[in-house]
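> So the sequence shown is numbered by our numbering: it starts at 2 and just counts up by one.
C-beta atoms are modelled at their ideal positions from N, C-alpha and C, and glycine is treated no differently.
All figures in this text were calculated on a predicted structure; none of them were measured in a lab.
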Amino acid sequence: MSPKSIPVLIVGAGNAGRQLLREFKKSNELNYCIVGFLDDDPKKKNKAIRGIPVIGTLEDLEMQVKKNKIKIVFIAFPSVHGGVIRALAGRCKKIGVECRIIPKFLEIIQNKVRLSFVRPVTIDDLVGRPIIKKDQIKFLSLLKDKKVLVTGAAGSIGSELVRQINEFSPRKIICGDQWETGLFDLEHELKGKKEVEKDFIILNIQDRQKMDWVFKKHKPDYVFHAAAYKHVPLMDLHPEEAVKNNIIGTKNVAYLAGKYGAEKFTFISTDKAVNPSSVMGATKSFCEALLQYYEKKFKTVYCSVRFGNVLGSYGSVVPLFQKQIAKGGPVTVTHPDMKRFFMTIPEAVQLVLHASRIGKGGEIFLLEMGEQMKILDLANTMIRLSGLEPGKDIQIKITGIRPGEKLYEELFAEQEELSKTDHDLIYALKNVSHQVSDTLLSTYARLKALAKKNDRENLIKELRTFYTNLQKS
Numbered sequence: 002m003s004p005k006s007i008p009v010l011i012v013g014a015g016n017a018g019r020q021l022l023r024e025f026k027k028s029n030e031l032n033y034c035i036v037g038f039l040d041d042d043p044k045k046k047n048k049a050i051r052g053i054p055v056i057g058t059l060e061d062l063e064m065q066v067k068k069n070k071i072k073i074v075f076i077a078f079p080s081v082h083g084g085v086i087r088a089l090a091g092r093c094k095k096i097g098v099e100c101r102i103i104p105k106f107l108e109i110i111q112n113k114v115r116l117s118f119v120r121p122v123t124i125d126d127l128v129g130r131p132i133i134k135k136d137q138i139k140f141l142s143l144l145k146d147k148k149v150l151v152t153g154a155a156g157s158i159g160s161e162l163v164r165q166i167n168e169f170s171p172r173k174i175i176c177g178d179q180w181e182t183g184l185f186d187l188e189h190e191l192k193g194k195k196e197v198e199k200d201f202i203i204l205n206i207q208d209r210q211k212m213d214w215v216f217k218k219h220k221p222d223y224v225f226h227a228a229a230y231k232h233v234p235l236m237d238l239h240p241e242e243a244v245k246n247n248i249i250g251t252k253n254v255a256y257l258a259g260k261y262g263a264e265k266f267t268f269i270s271t272d273k274a275v276n277p278s279s280v281m282g283a284t285k286s287f288c289e290a291l292l293q294y295y296e297k298k299f300k301t302v303y304c305s306v307r308f309g310n311v312l313g314s315y316g317s318v319v320p321l322f323q324k325q326i327a328k329g330g331p332v333t334v335t336h337p338d339m340k341r342f343f344m345t346i347p348e349a350v351q352l353v354l355h356a357s358r359i360g361k362g363g364e365i366f367l368l369e370m371g372e373q374m375k376i377l378d379l380a381n382t383m384i385r386l387s388g389l390e391p392g393k394d395i396q397i398k399i400t401g402i403r404p405g406e407k408l409y410e411e412l413f414a415e416q417e418e419l420s421k422t423d424h425d426l427i428y429a430l431k432n433v434s435h436q437v438s439d440t441l442l443s444t445y446a447r448l449k450a451l452a453k454k455n456d457r458e459n460l461i462k463e464l465r466t467f468y469t470n471l472q473k474s
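1) Please report how far the alpha carbon of residue 78 lies from the alpha carbon of residue 355, in whole angstroms.
2) Strictly by DSSP, which residues pair up with residue 381?
3) What are the residues that DSSP puts in a beta bridge with residue 429?
4) For the beta strand (DSSP E) containing residue 99, name the first residue and the last one.
5) If I measure Cβ to Cβ from residue 135 and keep anything under 6 Å in the same chain, skipping five residues before and after, which residues do I get?
6) State the DSSP-derived secondary structure class of residue 183, mapped to helix, strand or coil.
7) Inspect the beta-carbon positions of residue 241 and residue 457 and report whether they are closer than 8 Å.
8) Do you know how far the Cα of residue 228 is from the Cα of residue 50?
9) So residue 59 is in the beta strand (DSSP E); what residue range does that whole segment cover?
10) Alpha carbon to alpha carbon, what distance is there between residue 256 and residue 117?
11) Does DSSP put residue 449 in a helix, a strand or coil?
12) Report the option in 254, 217, 234, 189 whose CA atom is closest to the CA atom of residue 153.
13) Where do the N-terminal and C-terminal ends of the beta strand (DSSP E) with residue 151 fall, by residue?
14) Suppose the cutoff is 6 Å on Cβ atoms and the five residues either side in sequence are ignored; what does the same chain contact list for residue 350 look like?
15) Which class does residue 309 belong to by DSSP, given the choice of helix, strand or coil?
16) Buried or exposed for residue 203, going by 16 or more other Cβ atoms inside 10 Å?
17) Residue 10 by DSSP, collapsed to three states: which one?
18) Helix, strand or coil for residue 177? Go by DSSP, reduced to three states.
19) Are the beta-carbon atoms belonging to residue 403 and residue 234 less than 8 Å from one another?
20) So who's on the other strand from residue 268, going by DSSP bridges?
21) Measuring CA to CA, which of 38, 324, 244 is closest to residue 279?
22) Is residue 173 near residue 148, with beta carbons less than 8 Å apart?
23) How would you label residue 337, buried or exposed, when you count the other beta carbons within 10 angstroms and need 16 or more for buried?
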């Protein structure tokens, strides 16, 4: 080792670690000395990869860092649970060594590791789970040569749907959103990516005529409906807008999918649709029922996908915490015991794609999301990721629960039952408690009329006839 070289350690002696080593050896710019590998498989110990030894297991991290004066630890575990990454990152911080990671990108699935992928550990790495490699070939055959419409394409989930669908060689992707800046940014981002025909359309799902024009012109085979208002306190303040966009808009898109013969329609729902205590949750639950109604009316296969909070999505807690930390605090948490299910944006989108493949009609799918995480723990973790100490450098302020919020979320109601699918992490619900009948449309008509008149008081009353847990205005 030359005097100026930097001693580093690679954690993970699998495919990703091998590729990372190959990239290091190819680079003439990096002055790294690869001391060795650590791996969770003890059988690999004392073996060599391209001349570099596997010098221990994960338990040997501290000892090997001290013994070899390691400056940087590279984590090459793209298929490991976020809890493992969290533990490794915490141990690195404790012993004062820099920690970098190969992220769980789609490129890893396709066996492409580049040095440009390597970056510091983020909150996504600590909470997320491995990219699910299963059924990638099925996706290819599922979407190949199909026309795919994504509503809300400029949003967090919608844009990731477009990115991942783009990899599966569809005939065309129709990207629709009313947020022109976000749509422009997405179009610009995808210019250098895989050559798939795309149309970027400014649209409002509440505009029935415009949506009819979109369906008539493009006749999509698959529809992924991600457009929605999702901010709980704001939708409680403006229930008429929640109904107009989330219910009326969804009905427009779902009906037109059936009218124009789309093969499949996949709706992005939420855990807040279970025993909803907020207007936003109630509108999502109502839409689940609408899709089950249309399932009986059209040949189109309709399904819904419920999942918890998505890390890093627009308006979510992670960007808020990041801004608060950047300003020096305080970081605001509504209640010390508040818990939420969390998943990363790529995880959420994979669930949507898998559910679309599995769906036979009328299902509501949900992901096995593990344990809920305390928001307070998330705040502490994010502060530490920024190199600061909670309570010392950055204060945490408890602000109190807001209207419509729950201390913890539910993924399914008490009377609903889970049944297994052909995917280990996805369940379908049985005994869903939605009112799926012709009375649904009469309720819809009343909601539409009240929303049009901005009659908030009676709108809430009408929703409460369906959802007794709804907060009083």
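Well, looking at it:
1) 23 Å
2) According to DSSP, which records beta bridges pairwise, residue 381 is partnered with nothing at all.
3) 366, 420
4) 99-102
5) The pLDDT assigned to residue 135 is 46, lower than 50, so where the model puts this residue is not dependable, and the model offers no usable value.
6) helix
7) In this structure, residue 241 lies near residue 457, with their beta-carbon atoms less than 8 Å apart.
8) 48 Å
9) If you look at residue 59, you'll find it isn't in any beta strand (DSSP E); DSSP assigns it neither H nor E.
10) Residue confidence is low: residue 117 scores 46 on pLDDT, short of 50, so the model does not pin down where it sits. No coordinate-derived value is stated.
11) helix
12) 254
13) 148-152
14) Apart from the 5 residues on each side of it in sequence, residue 350 sits with its Cβ closer than 6 Å to the Cβ of 161, 162, 165 in its chain, given in chain order.
15) coil
16) exposed
17) Strand at residue 10.
18) strand
19) Contact flag set, yes.
20) 226, 305
21) The shortest C-alpha separation from residue 279 is found at 244.
22) yes
23) exposed
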